[in-house]
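Written out below as structure tokens is the structure these notes cover.
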Amino acid sequence: MWVNSRKGRIITRAQVSDRPNKGAVYMTYQWWIGACNELVTENLSPITKTPEYKYCAVRVEPNCGSARCGTVCHRRI
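full-length UniProt numbering applies: residue 1 is where the sequence shown begins, and numbers increase by one.
Shown next, in the form of structure tokens:
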């Protein structure tokens, strides 16, 4: 799947689950697995002065270059 934000774009695998809230996307954030820091901005919280690395708006799209695209990527989520 392609995951796009205003800051960047990454390709990753997806697993459909009922665990996150409807409309939410969860990604692991360990650098060796997720690459989600490519998607988030480095804005600082005005109160704590820490980066807002935990959330951002994204768009998820199928990777139609994948051999499994017809069976996996087009499943409605």
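Glycine is no exception: its CB is placed at the ideal position from the N, C-alpha and C atoms.
The beta strand (DSSP E) spanning residue i covers which residue range?
| i | result |
| --- | --- |
| Asn4 | 2-4 |
| Arg59 | 59-61 |
| Ile10 | 9-11 |
Measure the C-alpha to C-alpha separation of residue i and residue j and round it to an integer number of angstroms.
| i | j | result |
| --- | --- | --- |
| Ile11 | Pro46 | 31 Å |
| Arg75 | Cys56 | In this predicted model, Arg75 has a pLDDT of only 47, less than 50, meaning its place in the structure is not dependable; the value taken from the coordinates is given anyway. If you take the alpha carbons of Arg75 and Cys56, they lie about 24 Å apart. |
| Val25 | Glu52 | 16 Å |
| Arg60 | Thr41 | Before going on, a small fix: residue 60 reads as Val here, not Arg. Going from the Cα of Val60 to the Cα of Thr41 covers about 18 Å. |
| Thr50 | Gln15 | 30 Å |
| Arg13 | Tyr29 | 14 Å |
Please state whether the Cβ-Cβ distance between residue i and residue j is less than 7 Å.
| i | j | result |
| --- | --- | --- |
| Leu39 | Gly65 | no |
| Asn63 | Met1 | yes |
Compare the C-beta of residue i with all C-beta atoms of chain D and state if any pair is closer than 7 Å.
| i | result |
| --- | --- |
| Asn43 | Protein chain content of the structure displayed is limited to a single chain, and chain D is not contained in it. |
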